[in-house]
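> Here it is, the structure, as structure tokens.
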């Protein structure tokens, strides 16, 4: 697909007369070859004008090095008349734009000097692809009345386009495109250029765009018009069209927000190239599009077009490229490309219908489109099999069918497509066996993507493919049980993805040899055994190198990978031993390191401090011990630090406060102690702070609510924090998970906790979409779609059980304040937190009644108010909690009837209400029985019996705990501290 080549073909074909004129003119020019023994010397005043122009230029362009000597007509870029000796042509264009020129040494800069007015006969001026940044288009150019060709494209000129250019009445070619800092009030100036045939103003700003089309309509000779990305927002209506010679029209990347205009059918006798991509076009594609009989390229992609693909397209006998991707088109495509398809089947080379809502089966007649080179039907709803006839598309180079609902097997006829380079059928419902027969003639294949299907890839172990692949995607295909032998022959693989591919056994020795080109390797979620594979450094420069071997059965020591590795994920294996002492020196380019869920032990090696480019460091769920490193100021890019679930001890280093970009901090489930250092108050971007299940003590810092205002998760459970909850926590408007459980907190809860905005139903989209800016709280430093991104995870006790939240964490709203010493009433303001799914206030000393508006928590799934001193009746509004499936009100002083109706009626476990002897109704005894019940003394006796059994059970637990402490006191102080903390919690419960 070479759009540029096609465009130039259109241009050359349309400008035959202009090229002929240029040829006649060139015959009148001095050729600068020195062939004439008596060359005419240039006019001295024009030579001086050129030299002054040169003086105003900067840069090292080799073109200007020839501007010496008396004969300016022999200078590079200068052409003169062989009759009058006047300078007619000045061409100093650069071969490529300066912003993509690798050296920039050939670029001219400076300003366009007024001395050019001395070239009064100049008809051709080309300064394109140079760097005049900071300069403006001079208004004096409008005085060069003989100009027929003016090209200032891609010159980085700035400011307003002077209206004086409208004085160039002989102008036929005007190109100012590509200079995005240029602007103009209106296009009125072009209406006075009656001979204009070529106009390119792409990327400049047209301030007043209401009448742009009326100005263009004054150009009857116009053949080429490009106004893409000009900020146009209005598509005017034309009663009559004067530019009936227009062959090339590019209005893409504007914001018309309208239907395709009807006047376009009036240029049906000339238009060959029509580009309206990214224009916010609405409505359907008009059937009149079929009247554009000369059309070769049609681009309507990235709009909001609806309806069916018009059948009239089938009669466009010259159409070579059709782009309709990213719209809202529906229906099947058999009308245009099926059994009724007309002459389009002979001309079409590119068909792109990706990312629509098209459905039905792929037409069998696609096999008759012999000249189609690129077929893109991805991300639609096509179903049924891939037609066997597709093997007849003999010119096919690219076949993109991913993201549909295709089923059945892959036809063997695909193996006949000898020109095929890219085969993408991933993410469908394909099944069956793929063998070497499917690739019999695919010698040019470089990109094979069959993943996310139910395919069995079964090839003869001795098979030697004719192709050399660059990309291999066999995600979730059955490739095993052994590592595919045919990969041994592939010496150029850039990306190899075979996760969840039923591979077992070890990685073969020869893999080290082919690893020299693999920049992306994903073998995760298999059953691979043995030790880690040896890999070599890449033999070429690759933007990044990612390696994932997570979730296998790899064992043995952790060995360093090549020094050019950027992302390494070895989590969830059986690796043991120490982290290599020199890992930081051997892998200094790492941006992400994850070795979680292994059996690594020992201390964190100081060489980790050399990994200055780390974004993600995940060492969680191992057996690491010792103190935390002190060198955290080295990690200026770190966004995720997960050291949770180890045996780390000591204080939090003050250098944690140097992690200015940190978003997620997990140090839970260790034996860390001391206070939370105030240096962490500098982590203003922190969204997750998880320090639970440690030995931290002191007061909850006020600065958490004052400085860490981006927090979405605050979890400090199971520590030894004391005092009251600081009201500053109420400032955390993004907070979704608050866990203060199992500490020594006291006092009344701040009523302002009801102001936690994210836990309320609101119309504040900035709050509701808070997590979305973190890509569903995944971290991907290279901005690539990859399974190697860090997935946020959080363990939480909800519904009485411990659950791990990963991908669903962004949907969790939870408040757990259980197992503390809170007193007073439960603030009624908490009932405004209507998004809460989990509310746990158990194991405290709350008194008074359950607030009557508890029914406002309409999304609540779990409510635990057990082991408090709540009294009164259960409010009827609790029956309005339609999603409630876990309730615990036991061991309070509640009385009266249990509400009935809706969801609460399904919660019929008597233990929900245990210890509330004055409650009645289902599932307990009826309220009539309660009124006729035993005397008060018997009731007190029953309560006493319940209490005796309750306290006896607790005392047994204390006895066991005490014996355990005596045994452990001599062995590990941190274990003793944990036991003492547990005893304090149990004593508080009693």
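In UniProt numbering, the protein residues as written are 1 to 990.
In this text, a Cβ means the ideal position worked out from N, Cα and C, and glycines have one as well.
Along the alpha helix (DSSP H) that carries residue 511, what are the first and last residues, could you check?
Position 511 of the chain shown, counted from the start, is the residue given in the question as residue 511. First-last of the alpha helix (DSSP H) with residue 511: 511 to 514.
> Report yes if the C-beta distance between residue 317 and residue 336 is below 8 Å; otherwise report no.
Start at 1 with the first residue of the chain shown, and residue 317 comes out as number 317. Start at 1 with the first residue of the chain shown, and residue 336 comes out as number 336. No; because the gap between Cβ atoms is not below 8 Å, this pair is not in contact.
> What number of angstroms, rounded off, separates the C-alpha of residue 207 from the C-alpha of residue 375?
Working through the chain shown from its first residue, we reach residue 207 at position 207. Working through the chain shown from its first residue, we reach residue 375 at position 375. Using only the alpha carbons, I get a separation of about 39 Å.
> Count the other CB atoms within 10 Å of the CB of residue 584; is the residue buried (16 or more) or exposed (fewer)?
Sequence index remark: in the chain shown, residue 584 carries index 584 (1-based). By the 10 Å Cβ count, residue 584 comes out buried.
> Confirm, please, whether the CB-CB distance from residue 574 to residue 550 is below 8 Å.
As a position in the chain shown, residue 550 is number 550, starting the count at 1. As a position in the chain shown, residue 574 is number 574, starting the count at 1. Their beta carbons are not under 8 Å apart, which means residue 550 does not touch residue 574 by this criterion.
> What are the boundary residues of the alpha helix (DSSP H) that includes residue 344?
The residue given as residue 344 occupies position 344 in the chain shown. Taken as a continuous stretch (DSSP letters only), the alpha helix (DSSP H) holding residue 344 covers 344 to 347.
> Taking residue 118 as the reference, which of 246, 128, 86 has the closest Cα?
Indexing the chain shown from 1 puts residue 118 at position 118. The option with the nearest alpha carbon to residue 118 is 86.
> Let me check one thing: in DSSP terms, what residues is residue 710 bridge-paired to?
If you number the chain shown from 1, residue 710 lands on position 710. Answer is none; residue 710 lacks a bridge partner.
> How many whole angstroms separate the CB atoms of residue 621 and residue 639, which I take to be in contact at a CB cut-off of 8 Å?
By 1-based counting over the chain shown, the position of residue 621 is 621. By 1-based counting over the chain shown, the position of residue 639 is 639. Actually they are not in contact, since the Cβ atoms of residue 621 and residue 639 sit about 20 Å apart, beyond 8 Å.
> Looking only at its chain, what residues have a beta carbon closer than 6 Å to the beta carbon of residue 523, apart from the 5 residues adjacent to it on each side?
In the chain shown, the residue the question calls residue 523 occupies position 523. 498, 549, listed in sequence order.
> Whole angstroms are fine: how far does the CA of residue 724 sit from the CA of residue 708?
Sequence index remark: in the chain shown, residue 708 carries index 708 (1-based). Sequence index remark: in the chain shown, residue 724 carries index 724 (1-based). Cα-Cα distance, rounded: 19 Å.
> Hey, quick one: how far does the alpha helix (DSSP H) through residue 563 stretch, first residue to last?
By one-based count along the chain shown, residue 563 stands at place 563. Neither: residue 563 is in no alpha helix (DSSP H) and is coded neither H nor E.
> Does residue 155 pass the burial test, meaning 16 or more other C-beta atoms within 10 Å, or should it be called exposed?
Here residue 155 is taken as the residue at index 155 of the chain shown, counted from 1. Classification of residue 155: buried, given that the 10 Å Cβ count is 16 or more.
> Look at the alpha carbon of residue 737 and the alpha carbon of residue 688, and state the distance between them as a whole number of angstroms.
Taking the chain shown and counting its residues from 1, one reaches residue 737 at position 737. Taking the chain shown and counting its residues from 1, one reaches residue 688 at position 688. Those two C-alpha atoms are separated by around 9 Å.
> Across which residues does DSSP place residue 888 in a beta bridge pair?
Within the chain shown, residue 888 is the residue found at index 888, counting from 1. In DSSP, residue 888 forms a bridge with 864.
> In angstroms, rounded to a whole number, what distance separates the CA positions of residue 145 and residue 262?
Against the chain shown, residue 145 aligns to sequence position 145. Against the chain shown, residue 262 aligns to sequence position 262. Each residue's Cα considered, the two are about 37 Å apart.
> Rounded to whole angstroms, what's the CA-CA distance from residue 235 to residue 166? Just pull it up for me.
The residue given as residue 235 occupies position 235 in the chain shown. The residue given as residue 166 occupies position 166 in the chain shown. Distance between the alpha carbons of residue 235 and residue 166: 23 Å.
> Along the alpha helix (DSSP H) that carries residue 673, what are the first and last residues, could you check?
As a first step, residue 673 is located in the chain shown; it is residue number 673 there, counting from the start. From DSSP, residue 673 is part of no alpha helix (DSSP H) but of the beta strand (DSSP E) over 671 to 674.
> So the alpha helix (DSSP H) residue 930 belongs to, where does it begin and stop?
Here residue 930 refers to the residue found at position 930 when the chain shown is read from its first residue. It spans 927 to 931 - the alpha helix (DSSP H) in which residue 930 sits, taken as one unbroken run.
> Quick one: grab the DSSP three-state call for residue 115.
As a working note, residue 115 is residue 115 in the chain shown. If DSSP states are grouped into helix, strand and coil, residue 115 belongs with the helices.
> Does the count of Cβ pairs from the stretch 472 to 482 and the stretch 451 to 458 closer than 8 Å reach three?
Flag = yes, the stretch 472 to 482 and the stretch 451 to 458 touch.
> Tell me which same chain residues have a C-beta within less than 6 Å of the C-beta of residue 699, skipping the five on either side of it?
Here residue 699 corresponds to residue number 699 of the chain shown, with the count starting at 1. Here the set comprises 723.
> The beta strand (DSSP E) that contains residue 198, what's its start and end?
Sequence index remark: in the chain shown, residue 198 carries index 198 (1-based). Note, residue 198: beta strand (DSSP E), 198 to 200.
> Going straight from the alpha carbon of residue 929 to that of residue 890, what length do you get?
Here the question's residue 929 lines up with position 929 in the chain shown. Here the question's residue 890 lines up with position 890 in the chain shown. Between residue 929 and residue 890, the C-alpha separation is close to 20 Å.
> Since residue 893 sits in a beta bridge, which residues does DSSP pair it with?
Position 893 of the chain shown, counting from 1, holds the residue named residue 893. Answer is 871.
> Given that a residue counts as buried once 16 or more other Cβ atoms are within 10 Å of its Cβ, and exposed if not, what is residue 203?
Mapped onto the chain shown, residue 203 falls at position 203. By the 10 Å Cβ count, residue 203 comes out buried.
> Under the three-state reduction of DSSP, which class applies to residue 468: helix, strand or coil?
Looking up residue 468 in the chain shown gives position 468. Residue 468: coil per DSSP, three-state reduction.
> Since residue 335 is in the alpha helix (DSSP H), which residue starts that stretch and which ends it?
Translated into positions along the chain shown, residue 335 becomes position 335. 334 to 337 is the extent of the alpha helix (DSSP H) around residue 335.
> Are the beta-carbon atoms of residue 668 and residue 690 separated by less than 8 Å?
The count along the chain shown starts at 1 and reaches residue 668 at position 668. The count along the chain shown starts at 1 and reaches residue 690 at position 690. Contact flag set, yes.
> Measuring alpha carbon to alpha carbon, tell me which of 650, 665, 728 ends up nearest residue 697.
Sequence index remark: in the chain shown, residue 697 carries index 697 (1-based). Residue 697 has its Cα closest to that of 650, out of 650, 665, 728.
> Taking only the alpha-carbon atoms, compute the straight-line gap between residue 561 and residue 611 and give it to the nearest angstrom.
Counting from 1 along the chain shown, the entry for residue 561 is found at position 561. Counting from 1 along the chain shown, the entry for residue 611 is found at position 611. Going by the C-alpha atoms only, they are around 14 Å apart.
> Put residue 412 into one of helix, strand or coil per three-state DSSP.
Indexing the chain shown from 1 puts residue 412 at position 412. Helix, per DSSP.
> How would you label residue 800, buried or exposed, when you count the other beta carbons within 10 angstroms and need 16 or more for buried?
Sequence index remark: in the chain shown, residue 800 carries index 800 (1-based). Under this definition residue 800 is an exposed residue.
> Is it right to say residue 615 is buried, meaning 16 or more other beta carbons lie within 10 angstroms of its own, or is it exposed?
Translated into positions along the chain shown, residue 615 becomes position 615. Residue 615 is buried by the Cβ-count criterion.
> How big is the Cα-Cα spacing for residue 422 and residue 437?
Here residue 422 refers to the residue found at position 422 when the chain shown is read from its first residue. Here residue 437 refers to the residue found at position 437 when the chain shown is read from its first residue. Each residue's alpha carbon lies about 17 Å from the other.
> By the 10 Å Cβ neighbour count, where 16 or more other Cβ atoms means buried, how is residue 671 classified, buried or exposed?
For the purposes of this step, residue 671 is identified with residue 671 of the chain shown, where counting begins at 1. Buried: at least 16 other Cβ atoms inside 10 Å.
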